[in-house]
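What the sequence shown shows, in the UniProt record's numbering, is residues 1 to 157, in sequence order. Glycine included, C-beta positions come from ideal geometry on N, C-alpha and C. The structure appears below as C-alpha cells.
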Amino acid sequence: MTARPAILFVCLGNICRSPLAEAAFRLEAERANLDVTVDSAGTGDWHVGEPPDPRAIAVARAHGLDIAGYRGRQVSSADFERFDHVVALDHANLARLRALRPEGARASLSLLLDHVPGRAGEPVADPYYGGPEGFATTWDDVTSGARVLVRRIADGA
Ligand code: 4NP
1 MTARPAILFV CLGNICRSPL AEAAFRLEAE RANLDVTVDS AGTGDWHVGE
51 PPDPRAIAVA RAHGLDIAGY RGRQVSSADF ERFDHVVALD HANLARLRAL
101 RPEGARASLS LLLDHVPGRA GEPVADPYYG GPEGFATTWD DVTSGARVLV
151 RRIADGA
C-alpha cells in the first residue's frame, strides 16, 4: 500500500451515487483526520465531463459540501493500479468492475454496503429516475459506508 491510501467509488453514470459517496467519504475522512486520496467514476460514458446531477449537488449542499465542481469520468483498468480500494455502489457495476479488473491488480474490489454490518449484499439504489427523496436515501447509504471504510482504513486495513 502507498503511504496515502487511495479509494475510488464507482456507479453507473458518475453523476448521482458515486459523487455522493466521494463527498461523504471526504467528509468522514476529514472528521477522522485521515489523509486519503478519494475519487469517483462511472462504468458508463454518458456523463463524462459533466457535473453531478443537480439533485445530488443539492443533497450534498444540504450537508455542507460543494460538489458542483466534480466532473464525470469513466472507470478504466488503470484505476486498479492507481487505487488501493475500488468500491462499487451496486451489483451490476461490481460485475462490470470484476470484468475490467486486470489479473493480479493491486486494488481490492468490493460492494459498498458489504462493509456495513447488517447490510451485506445490499445495493445503493439508483436514484436517477426517482424523486429528490431518493437522493436523501442515497446520502444516508453512502454515509453509512463511508463511516465504516474510514474507520477500517484508519486502522490500516
Ligand atoms: P448514477 O446514476 O449511476 O448513480 O450516477 C445514474 C446516472 C445516469 C444514468 C443512470 C444512472 N443514465 O442512464 O444516464
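So, for alanine 3: in the same chain, excluding its five sequence neighbours on each side, which residues have a beta-carbon less than 6 angstroms away from its beta-carbon?
none
Taking the CB atoms as reference points, tell me whether arginine 73 and alanine 41 lie closer together than 7 angstroms.
Against a cut-off of 7 angstroms, the Cβ pair of alanine 41 and arginine 73 comes out as a contact.
Relative to the C-alpha of aspartate 84, which candidate in Ala107, Ala62, Leu20 and Tyr70 has its C-alpha closest?
Of the candidates Ala107, Ala62, Leu20 and Tyr70, the one whose C-alpha sits nearest the C-alpha of aspartate 84 is Ala107.
Say yes only if the C-beta of tryptophan 139 is nearer than 6 angstroms to one or more non-hydrogen atoms of the ligand 4NP, and no if none qualify.
no
With a 10 Å radius around its C-beta and 16 neighbouring C-beta atoms as the bar for buried, classify aspartate 45 as buried or exposed.
Burial call: exposed.
Mind checking who serine 76 pairs with in its DSSP beta bridge?
DSSP lists no partner for serine 76.
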